[in-house]
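Protein chains in written order, with the working numbering: chain B, 5 to 337; chain X, 3 to 140.
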């Protein structure tokens, strides 16, 4: 049901602008909505990060996948279990760029012969997530051709590499096909694996359907209806130069559907699990070095008037009484 | 707020990314005016169709001409044209930089037509022409 409702919600986000533009509300979907979306995104994103930053995390949480730094003859994993900022930096770089946590994903299965639980390596989640995220990044970079004038060389290089197979005209982007593969796998995993389906909620299905909707409307615009890109760029440029106006040439309704879905993504972003984009940098298990046994932690709200009282001083205070009571002491008299 | 010295610059950097297009485009006027031929009023297909689908038409022309030897295109009005980029298209739109490139460069499209094709019917230089290598393409 959750999947069905998410699908319907995304469908509504396509149909509403499609019909709305037909009724002459193109300025609402083409100009007003993008501005509202970007403001909600920026304010919401910042507030969510600040909210997390206000939560105290006094101790590190060493749930790391490598050997802790210990005795010199025990081999240590400096990137999986760092003790300093340099190590944490390496761990974060590898986490953000290579998704190392997902690489450790395992699957649990009941064995066929008898009630035995078997754990096995499961790299597909890592592989398809990586495909999806990098394609999404590449598509984002490619879209800068609609937002920058003149177009920087790097965007041209991204575009050239992405269409290097020169299939069809307009040339097919490999990232368009690969992002579909990635998203469809991530969706199929939630739909067909019973254990994952059991823990999947509407907020897991909705972003997947939303992203699929964005990709499909994008593919539709480029390869099927072939929208007037000059008019589209006129609209996007008017938005980013803060002088919004509707282009004189008509724009296909699919552009507004695409734009509305993207705006929905931006609006939904700060309130959803998609905040892992910012949250990854505030994950205690990733950003804190494992030094709970190396660094002394002083309670910040200790009363400064209360001075430390060592055992030696304690013994000096009570030596006679301790000897009288027969307690062992370090220093006799 | 904890770790403000890392988080505040991080947020500011992230928010600044959204303003890159605003600052980058400052002072640029967006205007696209491909130079239209003065002596011709009609293209081989209606303007909107040409604008949206010319790349498909050229692709079909190339395949039909090269693979099937079919070199005559008849449009909906029954007018006949030779299927040729250089001889047909570029006889009315002789200057690539003032017609083709005006839109292509605006939206960052780099078609590979001129990797092989001449820029004008009268061109005597070798293929690919030296000028096109400098003017764009792959």
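Note that the Cβ used here is the ideal one computed from N, Cα and C, for glycine as well. Quick caveat: nothing in here was measured; it's all calculated off a predicted structure.
To which residues does DSSP link residue 111/B through a beta bridge?
Here residue 111/B refers to the residue found at position 107 of the first chain. 124/B, per the DSSP bridge assignment.
When you compare only the Cα positions, how much space is there between residue 100/B and residue 11/B?
Sequence index remark: in the first chain, residue 100/B carries index 96 (1-based). Sequence index remark: in the first chain, residue 11/B carries index 7 (1-based). Those two C-alpha atoms are separated by around 29 Å.
Whose C-beta lies closer than 7 Å to the C-beta of residue 19/X among residues of the same chain, with five residues either side of it excluded?
In the second chain, the residue the question calls residue 19/X occupies position 17. Within the same chain, residue 19/X has no close Cβ partners at all.
Helix, strand or coil for residue 177/B? Go by DSSP, reduced to three states.
Along the first chain, read from residue 1 onward, the residue named residue 177/B stands at position 173. Looking at residue 177/B - three-state DSSP - the assignment turns out to be coil, as it is neither helix nor strand.
Distance check for residue 21/X and residue 126/B, CA to CA, integer angstroms please.
What you label residue 126/B is simply residue 122 of the first chain in a count that begins at 1. What you label residue 21/X is simply residue 19 of the second chain in a count that begins at 1. Each residue's Cα considered, the two are about 40 Å apart.
Restricting to Cα atoms, I'd like to know which of 39/X, 96/X, 100/X is closest to residue 88/X.
The residue you call residue 88/X lines up with position 86 of the second chain. Of the listed residues, the one whose Cα sits closest to residue 88/X is 96/X.
Taking C-beta pairs closer than 9 Å, name the residues in chain B that residue 17/X reaches, listed in chain order.
Position 15 of the second chain, counted from the start, is the residue given in the question as residue 17/X. In chain order: 46, 49, 50.
Start-end ranges of the alpha helix (DSSP H) lying completely within the segment 19-99 of chain X, minimum 4 residues:
49-65
Report the start-end ranges of each alpha helix (DSSP H) in the segment 219-252 of chain B that is 4 residues or longer and not cut off at the edges.
233-244
Assign residue 328/B to one of two classes, buried (16 or more other C-beta atoms within 10 Å of its C-beta) or exposed (fewer than that).
As a position in the first chain, residue 328/B is number 324, starting the count at 1. Flag for residue 328/B reads exposed.
Only counting the same chain, and skipping five residues up and downstream in sequence, which positions put a Cβ closer than 8 Å to that of residue 265/B?
Here residue 265/B is taken as the residue at index 261 of the first chain, counted from 1. Result list for residue 265/B: 14, 17, 18, 214, 217, 218, 221, in chain order.
At a Cβ threshold of 8 Å, is residue 41/X touching chain B?
Within the second chain, numbered from 1, the residue matching residue 41/X stands at position 39. Taking Cβ atoms only, chain B never reaches closer than 8 Å to residue 41/X, which makes this a no.
Which residues in chain B sit within 8 Å of residue 32/X, going by Cβ to Cβ distance?
The residue you call residue 32/X lines up with position 30 of the second chain. By Cβ distance, chain B contributes 153, 237, 238, 241, 242, 245.
With a CB to CB cut of under 7 Å and the five nearest residues on each side skipped, what residues in its chain are close to residue 333/B?
Translated into positions along the first chain, residue 333/B becomes position 329. These residues qualify, in order along the chain: 319, 323, 326, 327.
Given that residue 170/B touches chain X, what residues does it touch there, using C-beta distances under 8 Å?
Start at 1 with the first residue of the first chain, and residue 170/B comes out as number 166. Simply 114.
Residue 109/X: contacting residues in chain B (beta-carbon distance under 9 Å)
To locate residue 109/X, count along the second chain from 1; it is residue 107. Simply 149, 150, 155, 233, 234, 236, 237.
C-alpha gap between residue 86/B and residue 128/B, whole angstroms:
Within the first chain, residue 86/B is the residue found at index 82, counting from 1. Within the first chain, residue 128/B is the residue found at index 124, counting from 1. Approximately 27 Å between the Cα atoms of the pair.
Contact set between the segment 53-86 of chain X and chain B, restricted to residues whose Cβ is under 8 Å from the partner
53, 54, 55, 57, 58, 60, 61
Between the CA atoms of residue 9/X and residue 241/B - distance to the nearest angstrom:
Residue numbering aside, residue 241/B sits at position 237 when the first chain is read from its first letter. Residue numbering aside, residue 9/X sits at position 7 when the second chain is read from its first letter. One C-alpha to the other measures close to 31 Å.
Three-state secondary structure (DSSP) at residue 295/B?
Counting from 1 along the first chain, the entry for residue 295/B is found at position 291. Coil.
Over the uninterrupted alpha helix (DSSP H) stretch that includes residue 64/B, give me the two end residues.
Your numbering for residue 64/B matches position 60 in the first chain. Run containing residue 64/B: none; DSSP gives neither H nor E here.
Start and end of the alpha helix (DSSP H) containing residue 101/B?
As a first step, residue 101/B is located in the first chain; it is residue number 97 there, counting from the start. Taken as a continuous stretch (DSSP letters only), the alpha helix (DSSP H) holding residue 101/B covers 89-102.
Check for me: the alpha helix (DSSP H) holding residue 36/B runs from which residue to which?
Working through the first chain from its first residue, we reach residue 36/B at position 32. No alpha helix (DSSP H) holds residue 36/B; DSSP gives it neither H nor E.
Would residue 255/B pass as a contact of residue 229/B if the rule is Cβ separation under 8 Å?
One-based indexing of the first chain puts residue 255/B at position 251. One-based indexing of the first chain puts residue 229/B at position 225. The answer is no: Cβ separation not under 8 Å.
Which residues, taken in chain order from the segment 163-195 of chain B, show a beta carbon closer than 8 Å to some beta carbon of chain X?
163, 164, 170, 172, 173, 174
Please confirm whether residue 46/X has its beta-carbon closer than 8 Å to some beta-carbon of chain B.
Here the question's residue 46/X lines up with position 44 in the second chain. False, the Cβ-Cβ gap to chain B never drops below 8 Å.
Residues of the segment 280-309 of chain B whose Cβ lies closer than 7 Å to any Cβ of chain X, in chain order:
285
Am I right that residue 205/B and residue 139/B are in contact with their C-beta atoms under 8 Å? What's the rounded C-beta distance?
Working through the first chain from its first residue, we reach residue 205/B at position 201. Working through the first chain from its first residue, we reach residue 139/B at position 135. Their Cβ separation, rounded to whole angstroms, is 25 Å, which puts residue 205/B and residue 139/B out of contact at 8 Å.
Supposed contact pair residue 98/B and residue 83/B - C-beta distance, whole angstroms, cut 8 Å
As a first step, residue 83/B must be located in the first chain, where it is residue number 79. As a first step, residue 98/B must be located in the first chain, where it is residue number 94. Residue 83/B to residue 98/B, Cβ: 6 Å. Contact.
Inter-residue spacing [alpha-carbon to alpha-carbon] between residue 6/B and residue 277/B
In the first chain, the residue the question calls residue 6/B occupies position 2. In the first chain, the residue the question calls residue 277/B occupies position 273. Computed Cα separation, rounded: 16 Å.
Distance, Cα to Cα, residue 80/B vs residue 286/B?
Residue mapping note: residue 80/B aligns to position 76 of the first chain, counting from 1. Residue mapping note: residue 286/B aligns to position 282 of the first chain, counting from 1. Residue 80/B and residue 286/B: Cα-Cα distance of roughly 25 Å.
Measuring straight from C-alpha to C-alpha, what distance separates residue 5/X and residue 57/B?
For the purposes of this step, residue 5/X is taken as residue 3 along the second chain, with counting starting at 1. For the purposes of this step, residue 57/B is taken as residue 53 along the first chain, with counting starting at 1. Answer to the nearest angstrom: the Cα atoms are 7 Å apart.
Suppose you measure from the CA of residue 111/B to the CA of residue 187/B; what does that come to, to the nearest Å?
Locating residue 111/B in the first chain gives position 107, counting from the first residue. Locating residue 187/B in the first chain gives position 183, counting from the first residue. Spanning the two alpha carbons is a distance of roughly 20 Å.
Can you give me the Cβ contacts of residue 201/B inside the same chain, cut-off strictly under 7 Å, excluding the 5 residues immediately before and after it?
The residue you call residue 201/B lines up with position 197 of the first chain. Correct list, in chain order: 194, 195.
Burial state of residue 316/B (16 or more Cβ within 10 Å):
As a first step, residue 316/B must be located in the first chain, where it is residue number 312. It counts as exposed.
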